[in-house]
Structure formats: C-alpha cells, structure tokens
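Asker:
There are 2 protein chains.
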Amino acid sequence: MSTKDLPFSQGEFDRRIAKTRAAMAEAGLDCIFVTDPSNQAWLTAYDGWSFYVHQGVILGLDGPPVWWGRYMDMIGGRRTCWMSDDHILGYGDHYVQSIERHPMQDLAAHLRDRGFAKARIGVEMENYYYSAKAHAVLSDELPDATLVDATALVNWQRLIKSDEEIAFIRKAARISEKVIQTAIDRAEVGLRKNDLVADIYHAGITGVDDIWGDYPAIAPLTPSGIDATAAHLTWNGDPMRPNEATFFELSGVYRRYHAPLCRTVYLGTPPDDMRRAEEAQIEGIDAGLNAARAGNRTCDIARAFMDVLAKHGIKREGRMGYPIGLSYPPDWGERTASIRLEDTTVLEPGMVFHFMPALWMDSWGLETTETILITEDGPAQALADMPRKLFVKD
Amino acid sequence: MSTKDLPFSQGEFDRRIAKTRAAMAEAGLDCIFVTDPSNQAWLTAYDGWSFYVHQGVILGLDGPPVWWGRYMDMIGGRRTCWMSDDHILGYGDHYVQSIERHPMQDLAAHLRDRGFAKARIGVEMENYYYSAKAHAVLSDELPDATLVDATALVNWQRLIKSDEEIAFIRKAARISEKVIQTAIDRAEVGLRKNDLVADIYHAGITGVDDIWGDYPAIAPLTPSGIDATAAHLTWNGDPMRPNEATFFELSGVYRRYHAPLCRTVYLGTPPDDMRRAEEAQIEGIDAGLNAARAGNRTCDIARAFMDVLAKHGIKREGRMGYPIGLSYPPDWGERTASIRLEDTTVLEPGMVFHFMPALWMDSWGLETTETILITEDGPAQALADMPRKLFVKD
Chain E
1 MSTKDLPFSQ GEFDRRIAKT RAAMAEAGLD CIFVTDPSNQ AWLTAYDGWS FYVHQGVILG
61 LDGPPVWWGR YMDMIGGRRT CWMSDDHILG YGDHYVQSIE RHPMQDLAAH LRDRGFAKAR
121 IGVEMENYYY SAKAHAVLSD ELPDATLVDA TALVNWQRLI KSDEEIAFIR KAARISEKVI
181 QTAIDRAEVG LRKNDLVADI YHAGITGVDD IWGDYPAIAP LTPSGIDATA AHLTWNGDPM
241 RPNEATFFEL SGVYRRYHAP LCRTVYLGTP PDDMRRAEEA QIEGIDAGLN AARAGNRTCD
301 IARAFMDVLA KHGIKREGRM GYPIGLSYPP DWGERTASIR LEDTTVLEPG MVFHFMPALW
361 MDSWGLETTE TILITEDGPA QALADMPRKL FVKD
Chain R
1 MSTKDLPFSQ GEFDRRIAKT RAAMAEAGLD CIFVTDPSNQ AWLTAYDGWS FYVHQGVILG
61 LDGPPVWWGR YMDMIGGRRT CWMSDDHILG YGDHYVQSIE RHPMQDLAAH LRDRGFAKAR
121 IGVEMENYYY SAKAHAVLSD ELPDATLVDA TALVNWQRLI KSDEEIAFIR KAARISEKVI
181 QTAIDRAEVG LRKNDLVADI YHAGITGVDD IWGDYPAIAP LTPSGIDATA AHLTWNGDPM
241 RPNEATFFEL SGVYRRYHAP LCRTVYLGTP PDDMRRAEEA QIEGIDAGLN AARAGNRTCD
301 IARAFMDVLA KHGIKREGRM GYPIGLSYPP DWGERTASIR LEDTTVLEPG MVFHFMPALW
361 MDSWGLETTE TILITEDGPA QALADMPRKL FVKD
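As they're listed, the protein sequences go chains E and R.
For the first sequence, the residue numbers in UniProt numbering are 1 to 394.
For the second sequence, the residue numbers in UniProt numbering are 1 to 394.
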C-alpha cells in the first residue's frame with residue numbers, strides 16, 4: 001500500500017504529546033530520548049520488529065517528535081510514523097553491532113544539532129532497549145548535557161486510555177476469547193503441547209472477522225502439572241497427561257493492543273484443594289472487581305482479593321496485576337502501577353489492568369484472570385466474556 | 001514431568017563453562033554476571049519467558065554457575081537448569097518494578113556473600129537485559145568491586161557449535177523448510193496477510209515429526225510490495241495484491257536453536273529489474289558459499305558476494321549475515337562476527353551463519369538467504385534444502 005495506515009487520529013497523537021510535554025515540563029526536562037518501543041509507537045505510530053538495534057524518539061518542547069533508528073528501519077519509519085519524512089532519521093549500518101562505533105555517537109550528533117548539547121535530557125534508564133553501554137556512550141558524547149532518569153515518564157501518560165485505545169483493547173479481547181476457547185476446546189490427554197500452542201497462535205493471528213491478530217508481546221504460556229508451579233515456562237513436545245491442570249496465559253492482540261486472559265483446564269477430576277482454591281479465587285476476583293472503582297486505589301483491589309483468600313485459609317504473595325495496552329516484547333505490562341498491597345495509585349476511569357490473581361501452589365498452578373476497565377462509576381468491567389471457573393475435562 | 005529434560009549432555013555444559021572460564025582468565029575477571037538470556041541458557045540450560053525481569057547467571061572461576069532471578073522464576077530454574085537447587089536463587093516480588101527497591105541490590109548481596117565484594121566482575125554492558133539503571137545500582141552497591149565491560153565474552157564462546165548443537169540446528173532447518181514451503185504454497189492474491197502468518201506459525205510450532213517447534217526469537221517478517229523496501233515491518237490484515245513481491249524472513253526453532261531461511265514470492269510476472277537482481281543474488285550466494293571456507297574470513301564471503309553484484313551493476317550496502325544458534329527475543333543473531341567487508345573473523349569448522357544478502361531496493365525487496373555451516377574443507381553447507389530462486393505464482 002502506498003498511503004499510510006495510521007492506527008489513530010492526529011488529535012490522539014497531539015493529545016499524547018501535549019500530555020507528555022506537561023510531564024517533561026514538570027520534571028524540568030528540555031528533551032526526552034524515548035527507547036521503550038511501546039512509548040515510541042504511542043508517540044509516533046512507529047511499528048516494526050527493529051527494537052533489537054538502537055532506536056528511539058527525540059521529543060523536545062515544541063515541534064513534531066523525531067524518530068531515529070537504523071537506516072533500513074528509517075524506511076519503515078516513513079511507512080508507519082505520522083510525521084513527515086524529515087522527522088525520521090537513519091544511521092548507517094556500520095554502527096550496527098560494531099565494536100568500534102556506537103549508534104549513540106550518531107544520536108548525540110543529532111541532539112547537538114538540535115540545540116540540546118547543554119540541555120537536560122530525559123532518558124529511560126530502566127528499559128530493555130537502553131543498555132548500560134548506550135548510556136555510557138551518550139554521557140561521554142554529551143559532556144555538557146545533563147542526562148536525567150526519566151524511566152516511565154511516558155509510560156505513566158499511557159495509564160488512562162482514550163476511547164480510541166479502549167476500542168482497540170475491546171477488539172483484542174474478542175481475540176482473547178477466541179484463543180482461550182480454542183485452548184479449552186482442544187486440550188485433551190495425549191495431545192502434544194506444541195500442537196495445542198500451534199492452534200492457539202493460529203486462532204490469535206487469524207483473529208475475529210476483520211479484527212486481524214497481531215503478535216503477542218509474550219509467547220503463549222501453557223504449563224501443566226508441576227511445571228505450572230513455575231510461572232513462565234513455555235511448551236515442549238510432551239503429550240498432555242491425565243490428572244494435571246494446565247494454565248493458559250494468553251492475549252489477543254489488535255494493532256499492538258493487548259487484552260490478556262487466563263484460564264485453567266484440568267484433565268480428569270481435580271483434587272479437593274484445587275477446587276477449594278478455585279472457589280476462593282473466583283470469590284476473590286469478584287471482590288477485586290467490586291473494589292476496582294474510580295477513586296479507590298490499586299491496593300484496595302489487592303486487599304479485597306487477599307481478604308477473601310485469607311478467609312479461605314490460602315497464603316499468597318506477590319503482585320496481582322498491572323496496567324496493559326500497547327506493547328512490544330518482552331512484556332505486555334506497562335511497568336507503572338501494580339495491583340499490590342503497597343501500591344497506592346488512585347484509579348480513574350479509562351485505566352485498563354490485567355487483574356491477575358494467579359495461585360501458584362506447591363504442586364500445581366491455577367490462573368483465572370481478567371482484563372478490566374475502570375469505569376465512571378460502579379465496579380470494573382471485565383472486557384472479555386468468558387466463564388470464570390476451572391474448566392474440567394474428564 | 002517430574003525429572004529434568006536437559007537439552008544437552010553434562011559434558012557439553014562442562015565444555016562451555018571451561019571455555020568461558022578461559023576467556024574470563026584472559027580478561028582478568030574473577031567473576032561474570034551474565035544477563036543475555038541466550039548466554040544464560042547456553043551455560044545453565046535455564047529456559048523460560050522471564051527475561052522481562054532482572055535475572056542472570058553468576059559464574060566464578062570454580063564451582064557450578066549460579067542462576068539468579070525472581071522468586072517465582074527460581075521455581076522454573078529448578079525445573080530447567082542442570083545445577084542443583086542450591087545453585088538457583090530467587091529474589092522477592094517486592095523488588096519487581098518497584099520505584100523504591102531494585103533487584104540489583106539483592107544480586108549485590110549475593111555477590112558480596114560469595115567473596116566478590118572487591119572482585120573484577122564482568123558485566124554485559126551492551127545487552128537488552130542489562131539496563132543503564134541496573135548498572136548504576138550494581139555499581140553503587142559494590143563500591144569496592146571493579147565492573148568491567150564483558151559484552152559478548154560468552155557470545156564469542158558460542159561461535160563454534162558442538163556436534164550436539166549442530167544436530168539441533170539441523171532439526172530447526174527441517175522446520176524452516178516446512179514453514180517456507182507453507183508460505184510459498186499458501187501465498188495468493190486476496191489472501192489476508194495475517195491468515196498467511198497464522199499458517200506460518202502453525203507450521204513452525206507443530207514442527208516435523210518428533211521435532212516439535214519452539215517460538216522464534218523474531219516474529220515472522222512477511223512484507224509485500226513497497227513495504228518490503230523496509231526490512232522489519234510485520235503483517236496486517238490487508239489482502240495480498242497482484243504484481244507484488246513478498247519476502248518471507250522466517251526460522252524454524254528446535255529447543256531455542258534457529259535456522260533462519262528467507263525466500264521471496266512474486267504474485268504475477270516479475271519486472272525485468274527484479275529478474276536481473278534475482279540472477280545476481282543467486283550467483284552471488286553461490287560465490288559466497290564458495291568463499292565460506294575454513295581459513296577464509298567473514299569479509300571474504302561479503303567480498304565474493306559484492307563482486308558478483310558489482311559485475312551486475314547493483315549497489316548494496318550493509319551487513320549480509322551473522323552467526324546464529326541459540327536465541328531468545330528480540331534477536332536471533334549472536335551479535336559477534338558479521339559477514340561484512342570490515343569484519344575479519346577467521347572461519348572455522350562448526351561455525352553457523354545466517355548468510356543474508358538481501359536486496360532492499362527503491363520499490364521492492366528480494367530476500368533469498370541460507371543458514372550455512374562452515375565445514376572441515378570445501379564450501380559451506382546450506383542446512384536447509386530449498387530451491388534458491390524467486391518463486392513466481394501467476
């Protein structure tokens with residue numbers, strides 16, 4: 001196609017940039033260099049699997065943002081970003097994985113050219129795509145600038161979703177329903193796990209009607225039995241066995257927007273302790289959704305769930321959710337607020353979380369989760385329509 | 001399953017560690033902290049989609065390595081690593097994405113406990129999973145230690161593959177043949193690209209016979225027409241159009257080992273300039289394979305290809321290949337040697353490269369690539385069996 005197919009209106013991008021600039025002003029920053037691929041896409045619409053080389057967005061206090069990356073990805077930037085071509089910059093391939101040169105030398109030259117040699121520049125110190133080396137080189141190249149840690153500055157602006165974004169997440173939820181239903185329908189004793197995962201990918205990427213499926217930021221997690229006590233194991237070619245629970249941690253994705261959804265399938269007759277945990281978990285999720293109201297805090301959701309668990313005599317530690325939306329590998333969380341006892345983020349309408357009160361016990365794991373939208377009033381809305389229970393197949 | 005299913009023999013892990021320690025000794029290091037997930041898996045067999053939180057391997061000059069990560073992933077470490085449980089450490093969930101605490105504080109305590117408080121410790125400064133912030137915190141926590149840049153120290157040890165590894169890559173190549181054949185067979189005018197990608201994923205993950213498919217470190221790249229002039233665009237829901245070339249940059253994966261393979265499909269009658277480029281590219285690949293002999297250098301492969309291109313009057317810049325094998329997202333390259341004019345790595349038997357002399361032109365892209373094994377004598381061996389040509393479907 002020869003014209004751009006932008007995911008959002010210009011008004012939406014303008015709103016995002018204005019919001020980000022307000023946060024920059026508050027932090028006393030002249031400029032930010034954004035390396036998080038999700039933040040890059042959120043600001044500019046850049047979309048490509050090129051984050052494995054150095055790239056990012058330069059955003060000053062006026063004018064359009066500038067996307068900067070490898071020369072061959074500049075071409076992709078021209079295809080996908082909303083800005084005009086003169087705001088999309090490429091560096092030569094001799095910088096790529098060179099031991100003599102570093103792409104940050106090229107970036108520093110652009111920053112100097114744009115008057116940021118002595119500026120206060122925000123960088124995302126805690127990001128997969130801003131390496132320790134990148135920071136060291138950029139610091140050396142800009143001796144008169146002040147590099148300030150602006151980790152999550154843009155991420156926090158993403159916390160409340162616009163109507164356009166919520167529409168995308170709702171579409172992703174349609175795909176999530178389909179992939180979870182596929183997993184439940186297909187699971188049976190003797191089926192190789194990789195064959196099941198193949199069907200999960202197929203269901204997710206074909207999508208639902210004109211809602212075409214994008215790649216998830218996390219590979220399908222589908223561990224069974226004792227492997228399900230560990231949270232992040234991926235599949236192998238072993239057949240599914242009787243008398244084991246398998247949890248499915250999956251997400252449909254529409255144009256990089258996620259709506260994670262987890263359910264657990266038991267092949268056989270579940271043990272009593274798993275049934276009791278199921279009961280507690282589902283009652284706890286109801287309590288959590290009811291506490292997930294505008295004006296309450298993230299910790300209130302966690303407390304509501306934990307209180308129910310305590311009543312049932314079940315111990316659980318750790319985080320039980322995080323905001324989601326636009327994402328690139330390796331994580332679909334937004335890495336700002338957390339649903340946990342110590343987090344006091346105030347809930348506002350338009351926030352979307354993966355509420356994830358999974359139970360990983362000594363010999364099995366039970367995941368039943370929801371992508372939830374904080375509404376104007378009343379409890380949070382689960383965006384996927386899927387029965388909330390342990391699915392049992394005899 | 002209750003017993004460990006290790007991918008390799010203990011002798012293989014011992015060999016890897018001895019080789020790594022020799023490089024550490026040469027660099028004057030007492031210890032390395034390894035964050036690259038591929039390096040972690042290569043040393044310990046750790047396997048899980050958990051690299052989005054801080055984790056790594058501590059390797060001193062004696063004793064088994066220690067895997068360190070989030071508490072819930074410690075469970076996964078016990079399921080997958082070859083070491084005994086006392087060499088697998090977990091930190092509490094309150095360190096995860098906290099703004100008050102950082103996991104590197106926990107790591108530093110372990111390093112001090114193990115006598116590395118004043119040691120020379122190698123860290124991977126240029127790695128996706130060693131952030132600028134991680135380095136700053138670790139430096140602060142270990143004021144008497146010397147943190148030395150050991151980027152790619154382990155990666156370089158991976159360059160020559162063992163027979164066990166080559167057997168895995170050959171299995172991956174069987175899957176690569178299947179996924180490329182699927183793409184070629186399915187491509188047709190009107191087919192939505194996401195539906196094609198769904199079939200590609202399905203083919204790759206079902207695998208071939210008992211060679212079950214693992215997830216690729218890079219999502220399928222399948223751009224068409226003008227989008228194929230940009231190297232790293234992913235799919236959308238648009239139908240395939242007549243008179244466009246689509247390149248397929250794909251890899252089968254067996255237990256994290258890759259064998260990338262690319263082919264291009266044209267729907268219609270290709271223009272003359274594409275046909276001329278095809279001829280040059282194929283002749284150039286032959287020349288490259290012939291130059292890819294033990295004792296020659298990486299630049300000799302690049303030069304052989306470029307000479308053929310020059311003869312045909314085609315200009316091309318940039319890298320045309322890299323070593324491959326074990327990999328995790330976001331990249332399947334090993335990030336050491338490159339097939340390019342300025343790289344002088346001497347080729348040795350057992351090295352495996354993705355030889356990738358793609359042609360990205362002004363209005364189309366043409367990718368025909370091979371995973372190649374450097375042999376004892378003679379030209380390199382292409383590990384996948386797939387005709388080397390532009391596939392034309394009228």
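Ideal Cβ placement from N, Cα and C applies to all residues, glycine included.
Every value quoted in this text rests on a predicted model; they were computed, and no experiment measured them.
Is the CB of V148/E under 8 Å away from at least one CB in chain R?
Answerer: Walking along the first sequence from the start, residue 148/E turns up at place 148. No, V148/E lies away from the interface with chain R (no Cβ there is under 8 Å from its Cβ).
Asker: For S363/E, count the other beta carbons within 10 Å of its own beta carbon; 16 or more makes it buried, fewer makes it exposed. Which is it?
Answerer: Translated into positions along the first sequence, residue 363/E becomes position 363. S363/E is exposed by the Cβ-count criterion.
Asker: Mind pulling the chain E residues with CB within less than 9 Å of W82/R?
Answerer: The residue labelled residue 82/R in the question sits at position 82 within the second sequence. Going along chain E, no residue has its Cβ under 9 Å from W82/R, so there is no contact; the nearest lies around 16 Å.
Asker: Look at the alpha carbon of P379/E and the alpha carbon of A292/E, and state the distance between them as a whole number of angstroms.
Answerer: By 1-based counting over the first sequence, the position of residue 379/E is 379. By 1-based counting over the first sequence, the position of residue 292/E is 292. Rounded to the nearest angstrom, the two C-alpha atoms are 6 Å apart.
Asker: DSSP three-state label for S176/R, please.
Answerer: Within the second sequence, numbered from 1, the residue matching residue 176/R stands at position 176. Correct three-state label for S176/R: helix.
Asker: Note down, in chain order, each residue of its chain lying with its Cβ closer than 7 Å to the Cβ of D343/E, except the 5 sequence neighbours on either side.
Answerer: Taking the first residue of the first sequence as position 1, residue 343/E is located at position 343. Excluding residues within five positions, the ones whose Cβ falls inside 7 Å are T298, C299, A337.
Asker: I'd like the span of the beta strand (DSSP E) that includes F355/E, first residue to last.
Answerer: The residue given as residue 355/E occupies position 355 in the first sequence. Counting along the chain, the beta strand (DSSP E) containing F355/E begins and ends at 352 to 355.
Asker: Report yes or no: is there a C-beta of chain E within less than 8 Å of the C-beta of P7/R?
Answerer: Here the question's residue 7/R lines up with position 7 in the second sequence. For P7/R, the answer is no, since every Cβ of chain E falls outside 8 Å of its Cβ.
Asker: Less than 6 Å between C-beta atoms, sequence neighbours within five positions excluded: which residues of the same chain meet that for P220/E?
Answerer: Here residue 220/E refers to the residue found at position 220 of the first sequence. Once the five neighbours on either side are set aside, the close Cβ partners of P220/E are V197, I200, L250.
Asker: Touching or not, the segment 124 to 138 of chain R and the segment 31 to 40 of chain R, by the rule of three or more beta carbon pairs under 8 Å?
Answerer: yes
Asker: Closer than 8 Å is the cut-off here; do at least three beta carbon pairs connect the segment 202 to 218 of chain E with the segment 230 to 249 of chain R?
Answerer: yes
Asker: In this structure, how does DSSP classify I99/R when only helix, strand and coil are distinguished?
Answerer: If you number the second sequence from 1, residue 99/R lands on position 99. DSSP places I99/R in coil when its eight states are reduced to three.
Asker: If you draw a straight line from the alpha carbon of L261/R to that of P103/R, how long is it in whole angstroms?
Answerer: Sequence index remark: in the second sequence, residue 261/R carries index 261 (1-based). Sequence index remark: in the second sequence, residue 103/R carries index 103 (1-based). So the two alpha carbons sit approximately 38 Å from each other.
Asker: Restricting to Cα atoms, I'd like to know which of Y46/E, R114/E, F8/E, I226/E is closest to G60/E.
Answerer: Numbered from 1 along the first sequence, position 60 holds the residue referred to as residue 60/E. Taking only the C-alpha atoms, the option nearest G60/E is R114/E.
Asker: How is L196/E classed by DSSP in three states: helix, strand or coil?
Answerer: On the first sequence, position 196 is the one that residue 196/E refers to. Note: L196/E maps to helix in three-state DSSP.
Asker: Ordered along the chain, which non-local residues of its own chain (more than five positions away) have a Cβ less than 7 Å from that of M1/R?
Answerer: Position 1 of the second sequence, counting from 1, holds the residue named residue 1/R. Reliability of the predicted coordinates at M1/R is poor, the pLDDT of 43 falling under 50, and the value obtained from them is presented with this limitation in mind. Nothing listed; no residue qualifies.
Asker: Tell me which residues share the same chain as K223/R and place their Cβ nearer than 6 Å to its Cβ, disregarding the 5 neighbours each side in the sequence.
Answerer: Walking along the second sequence from the start, residue 223/R turns up at place 223. The sequence shown places Pro at residue 223/R, not Lys. Contacts found: L233.
Asker: Got a sec: is the Cβ-Cβ distance from V179/E to anything in chain R below 8 Å?
Answerer: Along the first sequence, read from residue 1 onward, the residue named residue 179/E stands at position 179. So no, V179/E is outside the interface.
Asker: Is the CB of M1/R under 8 Å away from at least one CB in chain E?
Answerer: Residue 1/R sits at position 1 when you count from the first residue of the second sequence. Note that M1/R scores a pLDDT of 43, beneath 50, so its modelled location is shaky; the value from the coordinates is reported in the next line. Taking 8 Å as the threshold, the shortest C-beta distance from M1/R to chain E falls below it.
Asker: Where do the ends of the alpha helix (DSSP H) carrying L383/R lie?
Answerer: Residue mapping note: residue 383/R aligns to position 383 of the second sequence, counting from 1. Run containing L383/R: none; DSSP gives neither H nor E here.
Asker: Starting from I121/E, trace the beta strand (DSSP E) both ways and give me its first and last residue.
Answerer: Looking up residue 121/E in the first sequence gives position 121. First-last of the beta strand (DSSP E) with I121/E: 120 to 123.
Asker: Within 8 Å, do at least three Cβ pairs link the segment 90 to 108 of chain E to the segment 4 to 14 of chain E?
Answerer: Because the criterion of three Cβ pairs below 8 Å is not met, the segment 4 to 14 of chain E and the segment 90 to 108 of chain E do not touch.
Asker: Can you list, in chain order, the stretches of the beta strand (DSSP E) that have 3 or more residues and sit fully within the segment 8 to 77 of chain E?
Answerer: 31 to 34, 56 to 60, 66 to 70
Asker: Is there a Cβ of chain C sitting closer than 8 Å to that of F33/E, yes or no?
Answerer: No chain C is part of this structure, whose protein chains are labelled E and R.
Asker: Going along chain E, which residues have a C-beta under 7 Å from F51/R?
Answerer: To locate residue 51/R, count along the second sequence from 1; it is residue 51. By Cβ distance, chain E contributes P330.
Asker: Could you check whether the Cβ of Q234/R sits closer than 8 Å to any Cβ belonging to chain E?
Answerer: What you label residue 234/R is simply residue 234 of the second sequence in a count that begins at 1. Sequence check: residue 234/R is Thr here, not Gln. With 8 Å as the cut-off, T234/R counts as an interface residue toward chain E.
Asker: Span of the alpha helix (DSSP H) holding G288/R?
Answerer: As a first step, residue 288/R is located in the second sequence; it is residue number 288 there, counting from the start. Here the alpha helix (DSSP H) through G288/R covers 272 to 291.
Asker: How is M1/R classed by DSSP in three states: helix, strand or coil?
Answerer: Sequence index remark: in the second sequence, residue 1/R carries index 1 (1-based). Bear in mind that the predicted position of M1/R carries a pLDDT of just 43, short of 50, making it unreliable; the figure below should be weighed with that in mind. If DSSP states are grouped into helix, strand and coil, M1/R belongs with coil.
Asker: With DSSP as the reference, identify every bridge partner of V208/R, one or two as the case may be.
Answerer: As a first step, residue 208/R is located in the second sequence; it is residue number 208 there, counting from the start. Partner(s): I211/R.
Asker: How should A22/R be labelled, buried or exposed, when 16 other C-beta atoms within 10 angstroms of its C-beta is the threshold for buried?
Answerer: To locate residue 22/R, count along the second sequence from 1; it is residue 22. By the neighbour-count rule (16 or more Cβ atoms within 10 Å), A22/R is not buried but exposed.
Asker: Whose CA, out of D286/E, A358/E, W82/E, lies closest to the CA of residue 397/E?
Answerer: Residue 397/E is absent from the model: chain E starts at 1 and stops at 394.
Asker: Does T371/R come within less than 8 Å of chain E when only Cβ atoms are used?
Answerer: Mapped onto the second sequence, residue 371/R falls at position 371. It does not: the Cβ of T371/R has no partner Cβ on chain E nearer than 8 Å.
Asker: Restricting to runs no shorter than 4 residues, where is the alpha helix (DSSP H) found entirely within the segment 309 to 355 of chain R?
Answerer: none
Asker: Grouping DSSP H, G and I as helix and E and B as strand, with all else coil, what is C81/E?
Answerer: Counted from its first residue, the first sequence places residue 81/E at position 81. Three-state result, C81/E: coil.
Asker: Who are the neighbours of I218/R on chain E, taking C-beta pairs under 7 Å?
Answerer: Residue 218/R sits at position 218 when you count from the first residue of the second sequence. Ordered by position in chain E, the residues that pass the 7 Å Cβ test against I218/R are W49.
Asker: May I ask you to list the residues that DSSP assigns as paired with F247/R?
Answerer: Counting from one through the second sequence, the residue named residue 247/R turns up at place 247. T264/R, per the DSSP bridge assignment.
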